[in-house]
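Since the structure comes first, as structure tokens, the remarks are kept for the end.
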Amino acid sequence: MNITVYLGANEGNDPSLRKAVQELGTWIGASGNALVYGGSKTGLMGEIAKSVLDAGGNVTGVEPQFFMDEGFQYDGLTELIVTKDMSERKNKMIELGDAFIAFPGGTGTLEEIAEIMSKVSLKQLDAPCILYNLNGFYKDLKALLNHMIEMGLSSKERQEGIYFAESLEQIKHILSKED
């Protein structure tokens, strides 16, 4: 299974993020799954790629040309796909993914997973969309999605396939149902 993970090129200021992303990457690599991610060597992005590779897994990075020009790409990936811009990058990452995980990240991570949530809710994408709610990171987004249902602007049916996982064990459980 190709697991597309969205996450930050920054490491953040919570040491548990680095540990959790290393655990996620190690599991992806050791379990026979493959990682699809943004291709950068910095921050949490670099950590997940290294963890998957160290565990013997395959990693496909999808990096826009302007990040290549800045030298942000992770050298030594199984495959590095260079796109002309962020839109092409997002489309390629969606095309390659069988499951999608949003690790805690910044506005780019939010924008990318929002598109996945929309495609899943419109049944344009039949793949699990998992928000890794590590230490409650996505609790407010979860509350907002519930509020949308309460307000009659969305429905439980529309949000089927969107999951909030509190741990790697919950992620594994969700993905095991998809095999």
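This note's numbering numbers the first residue of the sequence shown as 1341 and each following residue consecutively. All C-beta atoms in this analysis are idealised placements derived from N, C-alpha and C, irrespective of residue type, glycine included.
Secondary structure note for F1407: its alpha helix (DSSP H) is the uninterrupted segment 1405 to 1409. With contacts defined by Cβ atoms closer than 7 angstroms, D1466 and M1341 do not form a contacting pair. In this structure, L1420 keeps its C-beta atom at 7 angstroms or more from the C-beta atom of G1396.
Beta-bridge partners of Y1503 (DSSP): I1470. In this structure, G1446 sits away from G1386, with a CB-CB distance that is not shorter than 7 angstroms. For T1366, the enclosing alpha helix (DSSP H) begins and ends at 1355 to 1370. In the DSSP assignment, A1442 forms a beta bridge with Y1346, L1471.
Around the beta-carbon of L1462, fewer than 16 other beta-carbon atoms lie within 10 Å, marking it exposed.
Pairing V1361 with L1375 gives a Cβ-Cβ distance that is not under 7 angstroms. Out of K1459, G1448, A1370, the CA that lies nearest to the CA of K1390 is found in A1370. Shown here, N1398 sits in a strand according to DSSP, grouped into three states.
In this structure, the alpha-carbon of E1410 lies about 32 angstroms from that of G1372. When beta bridges are read from the DSSP output, V1376 appears opposite T1344, T1400. Shortest Cα-Cα distance from E1428 to any of E1403, L1485, T1382 involves E1403. For R1358 and S1495, the gap between their C-alpha atoms comes out near 35 angstroms.
If you check the CB distance, Y1346 and I1502 do not come in under 7 angstroms.
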